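In terms of our numbering, the sequence shown opens at residue 10 and continues consecutively. Glycine included, each C-beta is placed from N, C-alpha and C at the ideal position. A quick note: this is a predicted structure, and the numbers were derived from the prediction, not measured.
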Amino acid sequence: MRIALFSDSHTFSPPSSWNACFDKRAIGLVNYFYIRKHKHNPKYLEKVVQKILDISPDMVICTGDLTTSGDSPEFDLSCSILSPLVENQSFELFYVLGNHDYYVKDKVCYEALRKAFCYLNRGRFNLEDLPQSLEIKDLDFCFVNVCKPVNLFVSYARMSRKNRDFIINWAEKKTQKPKILVEHYPLIEEHPVLRCRHKLWGEKQVLQKLQSGEIDLSLCGHVHCPTQKLDERGRGEVIIGSATANKCFALIEYDENSDVFKYNKISVE
10 MRIALFSDSH
20 TFSPPSSWNA
30 CFDKRAIGLV
40 NYFYIRKHKH
50 NPKYLEKVVQ
60 KILDISPDMV
70 ICTGDLTTSG
80 DSPEFDLSCS
90 ILSPLVENQS
100 FELFYVLGNH
110 DYYVKDKVCY
120 EALRKAFCYL
130 NRGRFNLEDL
140 PQSLEIKDLD
150 FCFVNVCKPV
160 NLFVSYARMS
170 RKNRDFIINW
180 AEKKTQKPKI
190 LVEHYPLIEE
200 HPVLRCRHKL
210 WGEKQVLQKL
220 QSGEIDLSLC
230 GHVHCPTQKL
240 DERGRGEVII
250 GSATANKCFA
260 LIEYDENSDV
270 FKYNKISVE
């Protein structure tokens with residue numbers, strides 16, 4: 010089975026209303042013009058889409074942060090760029106949101122997120138339906154949303170008891186199929202103190218399941234630099250990084266006969 014993985018494209022569009030001047034979208038706007046504008050180029054998301062179509066995987070997964078500020082025009086732009094993936098029925102397609110996708114509590118923004126979520130998951134489930142587990146071909150997947158709006162100065166998330174209990178019950182389920190957890194934030198954090206404003210909290214019990222091998226693979230984004238913490242059998246965690254900053258995506262291949270995952274970084278420069 011071949012899985013294409015991309016994340017953190019951070020498309021940008023001007024604010025949809027004056028309300029954006031009075032919530033966290035104002036921070037996102039400043040961040041874009043000072044930082045993201047010079048690092049993220051949406052043309053590389055288009056190239057990622059085309060390359061994925063060319064290699065024709067069995068599954069495509071986006072682990073979030075499609076937008077810069079979670080505003081409705083940004084979702085419209087992202088969905089337009091990703092529409093060839095939605096329309097191609099030769100592979101499965103899944104999207105879990107990132108913290109920038111659920112950036113503010115604005116009702117218009119939330120409805121745009123819900124609409125984009127349903128569209129990019131081809132109507133398989135709605136945002137409120139997460140967490141969900143699905144067995145697809147040789148693998149057992151768990152899709153989780155840990156993202157909610159937080160204050161102006163942080164980008165962390167906290168794993169709820171509902172999510173944690175669901176993941177643990179899923180991880181402990183007896184099955185011969187390898188288990189893959191899909192959500193936005195990395196579980197493995199090498200510098201938790203330095204990253205306290207940006208990390209996932211409440212993750213320890215789930216991390217233990219990954220470390221014990223009850224969860225075989227964690228697929229995530231959030232950190233823009235591609236990082237892989239994998240053992241010789243390809244078990245562990247893959248952070249694919251930003252598609253539009255690093256001009257790449259990942260192709261993960263699972264060989265049922267050898268029971269090994271193989272990671273490849275695919276450049277679109």
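Under the three-state reduction of DSSP output, Q141 falls in the strand class. Using a C-beta cut-off of 8 Å, the segment 45-60 makes contact with the segment 251-260, since at least three inter-stretch Cβ pairs fall below that distance. For I12, the beta-bridge partners assigned by DSSP are M68, I261. As far as DSSP is concerned, F126 takes part in no beta bridge.
Residue nearest to L75 within the set L122, V191, A29 is L122 (criterion: CA-CA distance). When the Cα atoms are used, H49 and P140 turn out to be separated by approximately 30 Å. DSSP places I189 in no alpha helix (DSSP H) but in the uninterrupted beta strand (DSSP E) bounded by 188-191. By the neighbour-count criterion, in which a residue is buried when 16 or more other Cβ atoms sit within 10 angstroms of its Cβ, W179 is buried. The beta carbon of G222 lies closer than 7 Å to those of R244 in the same chain, with the five residues before and after it left out. Under the three-state reduction of DSSP output, G107 falls in the coil class, being neither helix nor strand. Put simply, of D110, D85, Y41, K146 the residue whose alpha carbon is nearest the alpha carbon of F100 is K146. At the C-beta level, H193 and S18 stay beyond 9 Å of one another. Just so you know, the alpha carbons of R34 and F150 end up roughly 33 Å apart. A contact between stretches requires three or more CB pairs, one per stretch, nearer than 8 Å, and the segment 261-272 fails this requirement with the segment 91-110. Counting along the chain, E246 sits inside no alpha helix (DSSP H); it lies in the beta strand (DSSP E) bounded by residues 245-248.
Judged by DSSP secondary structure, V215 falls within the alpha helix (DSSP H) whose first and last residues are 213-221. The criterion of a C-beta distance shorter than 9 Å is not satisfied by P51 and L38.
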